[in-house]
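In my numbering, the protein residues as written are 3 to 591.
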C-alpha cells in the first residue's frame, strides 16, 4: 500500500479507538480526522466537503423537521393514549407496547419515539402494578426492529441509500424495498421478545419505583417561630455547608422558594426540605431553632407552579461525567438541585455532593418550570421528563402532522418525487401550517448526527481514493476464499461489531467503500452487500452504548450491562441469521 493509504488507515483506526474510549463527540473526532487528512493532502477540498452535499444527509435533516412537527403537535402522545390502555396480563401489555412502537419507528426516527414513550410507559407500568424494567429494553429493541422496515426508519438507511445513489444510480432503493427483509426480521424479533426475551430479564425495580416516595431521599425540618435563626440568612444559620446534606427548597405560606440561595432569609414556620442521607439528620437536630416537620404530606409531593420534579438521564457527552456533583456547580449551571441518583436500578447511597456521575445515571432533580424545555435538546441529557405527571400536549394539529408524513411516504413510495424532494416539501408544509415553529424545527435538528454523517463521507472517500479500501478488499477476498456468501457474512459481522462501539452511521459510511470494493473485485452485485451494511449498522442490541435508544432506557429501566448481553446477544444473532438468509435470495449475487 502507498504511504497515504497507511496514513488513512491509521487515522481511521485512531478515530474508532477515540470514539470507543473517550467522551469526545463522534462528530468532533471524525471532523478532526477529515481536517488532518485534508492538511496532509490525502483529501482535496471537494472530497472533504462531499458529505455536506449528499442527498442522504439532507433527507435525514428534513426528516428531523417532520419528526419535530409530529412531536410538537403531540402526534406520538396521541397514539400512545389510544394503544396502551389497561391490558390484563404482562404479555398483553407487551403486545400493546411493542407492535405499535415498531410500526411508528418504520417511518419516524427512533430517538424521539422512544423519548416520548419512556415517561408514558413508566407511569403506565406503575398503574398496572408492573415493573418498568420489563418494558423499557423491549421498547428500545422494538423501535430498532421497526426501523429496518423502510428507508425512513433510521438515518443509517437513508445515508447508505444516499451512497448507493451517488455511486451506483441504477441501484437506488425504493422506500419499502428493504421491507422484504425488514418485516420478517421485525416479526421474528418481536416474537422473540414476547416469548423468550421477558424471561431473560430478571425482576428488578426501575427508577419509577425507586423515585416513588420523596420521603426516602429527603429530610424536612421546620423553623421554630421563636427560634434564634429567624430572620437570619441560610448562610448565617449554618445551613449552607452541611456535611452530607443540602437545602433544596423552602415552603413558606403555601408558596415555594426553589433553588435556595445563600442570602435567602429564614422566617418562622418555614418548612425546609433537605436532600441527602437520612443518617445526616443528626446534624440538623443539633441546630438550634430547627425542629422536625410535623405536617403529613411531603412538600415534594405537592404540585407548585414554581418548581417541577424532573427525571434526567445523563448522556455520555455530559460535561459532568467523572466529576463530583458538588464540583460541577450543577445548581448554578442548570438552576436545578439533585435530590437523588439512581444507577443500575439502585439508588446511589452516600453524600450526594461526593457522587461522581456516570453515563446513563438517572438524576431526580428539583428544577424551575423552564428547565425541561430549555434543556430537552442539551447534549448533557439523553432524556428529561417530569416525575409527577407530564403536561399533555394540545392535539388539535396532530392529525394534520400525521397527514403530512403520510403524504411524504406516498409521494416517495409511488415515485412521484424523490425521497429528498418529498421530505423537503413535507418539512416546508409542517412549518407553513403551524404544526411546527421555525425555532422548534431548528431544535429538532440533531446536529451531532448530521456532522457525524458528513464527516464520515470524507473519511470513506479517503479510504477509497488512497487505495486503502481496495487493499483491505483484496485481503477480505482472500479470507473469504472468493466465496461471495462468506464475504457477505464477514461484511455483516464486521459492521455489526463496529456499530456496538462507534456510531451506526460512522460504521456504515466508513465500511461501505471497503465492502463494495470487495464485491466489485469479485465481480458480483454490490446491492446485497450494501443492504447487509444497512441492516448490520441498524441492528444494535448487544450493548447499551451501541445505540442511543439503548442508552436512554439503560438508566430508567434499572438495567445492567449483562442484561443487554443476555437479551440482546440472542436477538443480534437471530436478526443476523434471518437477514443473511433473506438478503441473497431477494438480491442475488
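We put the CB at the ideal spot given by N, CA and C, even for glycine. As the structure is a computational prediction, the values presented were derived from the model and not from experiment.
Which listed residue (the options) has its alpha carbon closest to that of residue i
i	options	result
residue 252	244, 243, 271	271
residue 79	460, 399, 409	399
residue 159	288, 116, 532	532
residue 186	486, 577, 590	577
residue 511	455, 344, 153, 47	455
residue 294	312, 273, 104, 277	273
residue 495	451, 540, 174	540
residue 486	320, 591, 152	591
residue 157	225, 62, 194	62
residue 120	90, 86, 92, 105	86
residue 417	178, 128, 588, 248	178
residue 152	143, 98, 122, 105	105
residue 488	37, 504, 517, 98	517
residue 236	366, 132, 126, 268	268
residue 461	197, 45, 371	45
residue 8	39, 100, 453	39
residue 197	126, 440, 239, 97	97
residue 452	66, 18, 34	66
residue 553	140, 376, 31, 199	140
residue 3	497, 51, 468	468
residue 323	91, 337, 171, 382	382
residue 200	566, 176, 583	566
residue 70	530, 438, 380, 585	438
residue 493	410, 388, 521	521
Continuous alpha helix (DSSP H) stretch holding residue i: start and end
i	result
residue 522	506-524
residue 485	Taken as a continuous stretch (DSSP letters only), residue 485 belongs to no alpha helix (DSSP H), as it is neither H nor E.
residue 129	112-130
residue 45	Run containing residue 45: none; DSSP gives neither H nor E here.
residue 376	373-377
residue 167	157-169
residue 592	In the structure as shown, the chain begins at 3 and stops at 591. Residue 592 is therefore absent and cannot be evaluated.
residue 228	No alpha helix (DSSP H) contains residue 228, which DSSP labels as neither H nor E.
residue 236	From DSSP, residue 236 is part of no alpha helix (DSSP H); its letter is neither H nor E.
residue 193	181-194
residue 20	5-23
residue 28	28-41
Per-residue burial, residue i [other beta carbons within 10 Å of its own, 16 or more giving buried]
i	result
residue 301	Bear in mind that the predicted position of residue 301 carries a pLDDT of just 47, short of 50, making it too unreliable to give a figure here.
residue 192	buried
residue 227	exposed
residue 73	buried
residue 525	exposed
residue 150	buried
residue 476	exposed
residue 58	buried
residue 243	exposed
residue 313	buried
residue 303	For residue 303, the predicted structure reports a pLDDT of 46, less than 50, and the residue's modelled location is therefore unreliable. A value from the coordinates is still provided. Under this definition residue 303 is an exposed residue.
residue 448	buried
residue 573	buried
residue 260	buried
residue 368	buried
Span of the beta strand (DSSP E) around residue i
i	result
residue 247	247-254
residue 368	364-369
residue 387	383-388
residue 341	338-345
residue 293	292-294
residue 257	257-260
Sub-8 Å separation of residue i and residue j beta-carbons
i	j	result
residue 183	residue 145	no
residue 471	residue 465	yes
residue 111	residue 459	no
residue 339	residue 250	yes
residue 108	residue 148	yes
residue 534	residue 490	yes
residue 362	residue 316	yes
residue 47	residue 551	no
residue 292	residue 225	yes
residue 328	residue 360	no
residue 64	residue 426	yes
residue 414	residue 421	yes
residue 563	residue 143	no
Min CB distance residue i to chain B below 8 Å
i	result
residue 270	In summary, chain B is missing from the structure at hand, where a single protein chain is found.
Residue ranges of each alpha helix (DSSP H) within the stretch 409-454, 4 or longer: If we require 4 residues or more, the alpha helix (DSSP H) runs fully inside the stretch 409-454 come out as 421-434, 440-446.
Any chance you could list the alpha helix (DSSP H) runs of at least 4 consecutive residues sitting entirely within the stretch 74-102, in chain order? 77-85
Quick check on the DSSP output: what are the complete alpha helix (DSSP H) runs of length 4 or more inside the stretch 517-588, in order along the chain? Runs found: 529-540, 550-556, 563-588.
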